[in-house]
Amino acid sequence: GENVEQHPSTLSVQEGDSAVIKCTYSDSASNYFPWYKQELGKGPQLIIDIRSNVGEKKDQRIAVTLNKTAKHFSLHITETQPEDSAVYFCAAKRGADGLTFGKGTHLIIQP
Amino acid sequence: GAGVSQSPRYKVAKRGQDVALRCDPISGHVSLFWYQQALGQGPEFLTYFQNEAQLDKSGLPSDRFFAERPEGSVSTLKIQRTQQEDSAVYLCASSFGESYEQYFGPGTRLTVT
């Protein structure tokens, strides 16, 4: 089955700086890669996603890049703000399968 | 609009008790997924419905876990004879179709004592 590795497990950045979280996946048939933000006591919130026919996608301060050959994808957050502090999960999926998640990155924005 | 809702939000069960967790998906979403999230981990897939049909139950950890969606809308995840290792947050997600974005509910935190 699919295996998703996520790094780093914890990331601390100064407010206003950029944050990058990286994931690798094992199944070359995976074709959908979402990113979720989870705050304490809440369910995961979809923040951006990318499909395998696209290399990069951007939504305001958030961008995701995908390298199918290397089987890795990354989340980029620019101009970080205190409200960006949360746990971020990457995931991969193929077809009708369920999502396979990484172990999460705890992002801490230092004021 | 209304998102995915789950009830109860918190459930404490004594070891050996049966529990039932409910999920109300977003109206019009034909696909429904259940996930289990252990403390400090990412969610893990349990099972998937398309309308009332359970198309994939490969993630259910044992035959004590059972899910249903009889009318293609509300779904119930039932755990029989709960064990301590069942303690986790159970998340439900729905989507317009199997290839579309999944939207999650707030989860039910199950604690087995």
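For the protein sequence lines, the chains are A and B, in the order given. Just so we're aligned, residue -9 is where the first sequence starts under the numbering used here, counting upward by one. Just so we're aligned, residue 4 is where the second sequence starts under the numbering used here, counting upward by one. Just so it is clear, CB atoms sit at the ideal spot from N, CA and C, and this is done for glycine as well.
Run of the beta strand (DSSP E) containing His62 of chain A, from where it starts to where it stops: Indexing the first sequence from 1 puts residue 62 of chain A at position 72. Note, His62 of chain A: beta strand (DSSP E), His62 to Ile67.
Within-8 Å CB hit, Lys93 of chain A to chain B: Here residue 93 of chain A refers to the residue found at position 103 of the first sequence. True, the Cβ-Cβ gap to chain B drops below 8 Å.
Beta-ladder partner(s) of Leu1 of chain A, from DSSP: Here residue 1 of chain A corresponds to residue number 11 of the first sequence, with the count starting at 1. BP columns for Leu1 of chain A point to A:Leu97.
Rounded straight-line distance, which links the Cα of Tyr78 of chain A to that of Cys26 of chain B: Your numbering for residue 26 of chain B matches position 23 in the second sequence. Your numbering for residue 78 of chain A matches position 88 in the first sequence. Those two C-alpha atoms are separated by around 23 Å.
Three-state secondary structure assigned by DSSP to Glu55 of chain B: Taking the first residue of the second sequence as 1, we reach residue 55 of chain B at position 52. Glu55 of chain B falls in the coil class under three-state DSSP.
CB contact check: Pro64 of chain B to chain A, cutoff 8 Å: Here the question's residue 64 of chain B lines up with position 61 in the second sequence. Not one chain A Cβ lies under 8 Å of Pro64 of chain B.
Coil, strand or helix - Glu71 of chain B by DSSP: Looking up residue 71 of chain B in the second sequence gives position 68. Here Glu71 of chain B sits in strand by DSSP.
Assigned exposure category for Ser65 of chain B - 16 Cβ within 10 Å defines buried: Start at 1 with the first residue of the second sequence, and residue 65 of chain B comes out as number 62. So Ser65 of chain B counts as exposed.
C-alpha distance - Ile99 of chain A paired with Trp25 of chain A, whole-angstrom precision: Taking the first residue of the first sequence as position 1, residue 99 of chain A is located at position 109. Taking the first residue of the first sequence as position 1, residue 25 of chain A is located at position 35. Their backbone Cα atoms lie some 18 Å apart in a straight line.
Gln20 of chain B in three-state terms, based on DSSP: To locate residue 20 of chain B, count along the second sequence from 1; it is residue 17. In this structure, Gln20 of chain B counts as coil in the three-state DSSP scheme.
Proximity test, Cβ basis, 8 Å: Gln57 of chain B and chain A: On the second sequence, position 54 is the one that residue 57 of chain B refers to. Chain A, which has no Cβ nearer than 8 Å to the Cβ of Gln57 of chain B, makes this no.
Within-8 Å CB hit, Leu35 of chain B to chain A: Your numbering for residue 35 of chain B matches position 32 in the second sequence. Judged by the 8 Å Cβ criterion, Leu35 of chain B is not in contact with chain A.
Within chain A, partners of Glu71 of chain B - CB distance below 8 Å: Along the second sequence, one-based indexing puts residue 71 of chain B at 68. Within chain A, no residue comes near Glu71 of chain B; the closest Cβ sits about 17 Å away, beyond 8 Å.
Residues that Lys32 of chain A contacts on chain B, provided the C-beta gap is smaller than 7 Å: Residue mapping note: residue 32 of chain A aligns to position 42 of the first sequence, counting from 1. Result: Pro109.
Contact with chain A by Leu94 of chain B, beta-carbon distance below 8 Å: For the purposes of this step, residue 94 of chain B is taken as residue 91 along the second sequence, with counting starting at 1. Output row for Leu94 of chain B: interface = yes.
Min CB distance Pro24 of chain A to chain B below 8 Å: Taking the first sequence and counting its residues from 1, the one referred to as residue 24 of chain A is at position 34. Yes, because at least one Cβ of chain B sits closer than 8 Å to the Cβ of Pro24 of chain A.
Residue environment, Gln28 of chain A, which counts as buried when at least 16 other CB atoms sit within 10 Å: Walking along the first sequence from the start, residue 28 of chain A turns up at place 38. Gln28 of chain A is buried by the Cβ-count criterion.
Segment contact flag, the region 68 to 84 of chain B with the region 52 to 59 of chain B, C-beta cutoff 8 Å, min 3 pairs: yes
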